[in-house]
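Each residue of the sequence shown is one higher than the one before, starting from 713 at the first, in our numbering.
For every residue, glycine included, the Cβ atom is placed at its ideal position computed from N, Cα and C.
Quick caveat: nothing in here was measured; it's all calculated off a predicted structure.
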Amino acid sequence: MIPHLTDYRTARTALLGAAEQAGATLTSYPHPLLGPNGEALSTDSARFGAPVGEAHTVVMVSSGLHGVEGHAGNGLQQWLVADGRLATLPAGVAVVLIHAVNPYGMAWSRRVDHQNVDVNRNFLDFADLPANERYADVDPYLNPTGDTLDLDDTSYLQPLLAFWAEVGDDIAFRTISGGQYTHPRGIQFGGQQATWSRRTLEQIWTDHLAGATDALALDLHTGLGPLGRLTVFQTADEHEAAAQAGAAWFPEWLYRSSRTDTIDHGVMGPGFDEWAAGKLNSSAFVLEFGTHEPVGGIGVFRADNWLHSHGDPTSETGLTVRQRMRDFFFVEDEGWRRDVADAGLASLHAGLDGIIG
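So, in structure tokens, the structure goes:
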């Protein structure tokens, strides 16, 4: 099973130590800010297999795009290193573990970055930002602005449920979860320029994919879906080779949406495909492990958003909110940790088997 929940610094040290001992080449990309205990923050890469310029196929396994979700991702990356396969890759193949794409969020127990940006809504062209027509209707309920917040008050759910009943499932879900670009202090804010995490990830792609002809991106997440169950998400049109590959590699887990039907804007997978276009063949998937019911998550996100705009993250209330965020995205239960390890490792092997052939 994956390791117990720890903190950013402990998790990072464990992964990089294991990767280095297993023969990986490590590179760090320092973040400009510090963690809650004054610790330095960085995104790190650990490369196994063929050196840069000698790999025709590169598999990237990333964690922490959504900050706090990186704890389970780190555990699965450690599990993959311990499995031993990365030490015996075929010639011309490399695997790059990317740890803590959003290290600030991982350290401070947030999904978003230091500018309140959901990095997984940030991979788009800012000259033509998508509109979220109804977000202003729900922002007052999702983004409290008072000096204090009752963490156990659920009265905000009543107007949200009324809105949901009015507009229906599709519009409600797009409004609340699809990203918005007009309320910088609101939830699911996608930013108005490229974030540090996006720029750093694109630099990692540049650094590690030189000379490659094929690349597979596997991004690790938690929070969505039934408890402990893996869903592999892909955004690709049916005729694309990547969609056909996904159906062959992940048949029991795959949920694919077309590029025009996806409810989310600015997500990393299509962003990677766009970055790779004309350079190499690409395919991108999200490996998502379920935790708790979504309604509970709304309250946790709401409190986190209030805390970092109007509260004190180091106060007693702040520590409570941060722990609730950690608990929502990492279930400290042996069964859940085992499910993540088993399904996660099986899906990672399936991706490796598929692209290596």
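Inter-residue spacing [alpha-carbon to alpha-carbon] between residue i and residue j
{"i": "ASP865", "j": "VAL831", "result": "29 Å"}
{"i": "TRP876", "j": "GLU986", "result": "33 Å"}
{"i": "ALA799", "j": "TRP917", "result": "21 Å"}
{"i": "TYR741", "j": "ARG759", "result": "14 Å"}
{"i": "ASP814", "j": "SER909", "result": "Position check: residue 814 holds Asn in this sequence, whereas Asp was assumed. The straight-line gap from Cα to Cα measures roughly 6 Å."}
{"i": "HIS778", "j": "ARG886", "result": "19 Å"}
{"i": "ARG822", "j": "VAL780", "result": "5 Å"}
{"i": "ALA723", "j": "ASP881", "result": "38 Å"}
{"i": "LEU717", "j": "GLN870", "result": "33 Å"}
{"i": "LEU1070", "j": "PHE962", "result": "Because the chain is modelled from 713 through 1069, residue 1070 falls outside the range shown and cannot be assessed."}
{"i": "GLY890", "j": "ASN749", "result": "33 Å"}
{"i": "ILE888", "j": "GLN956", "result": "31 Å"}
{"i": "ALA660", "j": "SER995", "result": "Because the chain spans 713 through 1069 in this model, residue 660 falls outside it and cannot be assessed."}
{"i": "VAL771", "j": "LEU932", "result": "13 Å"}
{"i": "HIS920", "j": "GLU1044", "result": "34 Å"}
{"i": "ILE1068", "j": "PHE901", "result": "37 Å"}
{"i": "GLY761", "j": "HIS768", "result": "11 Å"}
{"i": "VAL1052", "j": "ALA794", "result": "15 Å"}
{"i": "TYR816", "j": "LEU992", "result": "31 Å"}
{"i": "GLY776", "j": "GLY785", "result": "7 Å"}
{"i": "GLN970", "j": "ARG833", "result": "Checking the sequence shown, residue 970 turns out to be Ser, not Gln. Cα-Cα distance, rounded: 17 Å."}
{"i": "GLY747", "j": "LEU753", "result": "6 Å"}
{"i": "ALA960", "j": "PRO1006", "result": "30 Å"}
{"i": "VAL829", "j": "THR907", "result": "8 Å"}
{"i": "GLU1028", "j": "LEU738", "result": "37 Å"}
Secondary structure of residue i, DSSP reduced to three states
{"i": "TYR741", "result": "strand"}
{"i": "ILE810", "result": "strand"}
{"i": "PHE838", "result": "coil"}
{"i": "PHE1042", "result": "coil"}
{"i": "ALA929", "result": "strand"}
{"i": "VAL850", "result": "helix"}
{"i": "VAL829", "result": "coil"}
{"i": "VAL879", "result": "helix"}
{"i": "VAL1052", "result": "helix"}
{"i": "GLN892", "result": "strand"}
{"i": "VAL824", "result": "coil"}
Spatial neighbours of residue i in its chain, beta-carbon cut-off 6 Å, leaving aside the 5 residues before and after
{"i": "TRP1048", "result": "GLY940"}
{"i": "GLY923", "result": "GLY765"}
{"i": "LEU913", "result": "VAL813"}
{"i": "ARG1034", "result": "SER821"}
Whole-angstrom C-beta distance between residue j and residue i, which should lie under 8 Å
{"i": "VAL979", "j": "THR1003", "result": "Actually they do not touch by this definition, with Cβ atoms about 20 Å apart."}
{"i": "GLY935", "j": "PHE835", "result": "19 Å between Cβ atoms; not a contact."}
{"i": "VAL944", "j": "LEU966", "result": "5 Å"}
{"i": "GLN904", "j": "ASN844", "result": "About 14 Å; that fails the 8 Å criterion."}
{"i": "ASP851", "j": "GLY898", "result": "5 Å"}
Spatial neighbours of residue i in its chain, beta-carbon cut-off 7 Å, leaving aside the 5 residues before and after
{"i": "LEU1060", "result": "VAL773, LEU792 and LEU930"}
{"i": "ASP949", "result": "ALA955, SER970 and ARG971"}
Cutoff 8 Å; reference residue i; Cβ partners in own chain excluding five residues on either side
{"i": "LEU1057", "result": "LEU788, TRP791, LEU792 and ASP795"}
Fill in: Runs of alpha helix (DSSP H) lying entirely within the region 933 to 1018, each at least 4 residues, in chain order
953 to 961 and 980 to 988
Worksheet entry | Whole beta strand (DSSP E) elements within the region 744 to 798, 3-residue minimum | 752 to 761 and 769 to 774
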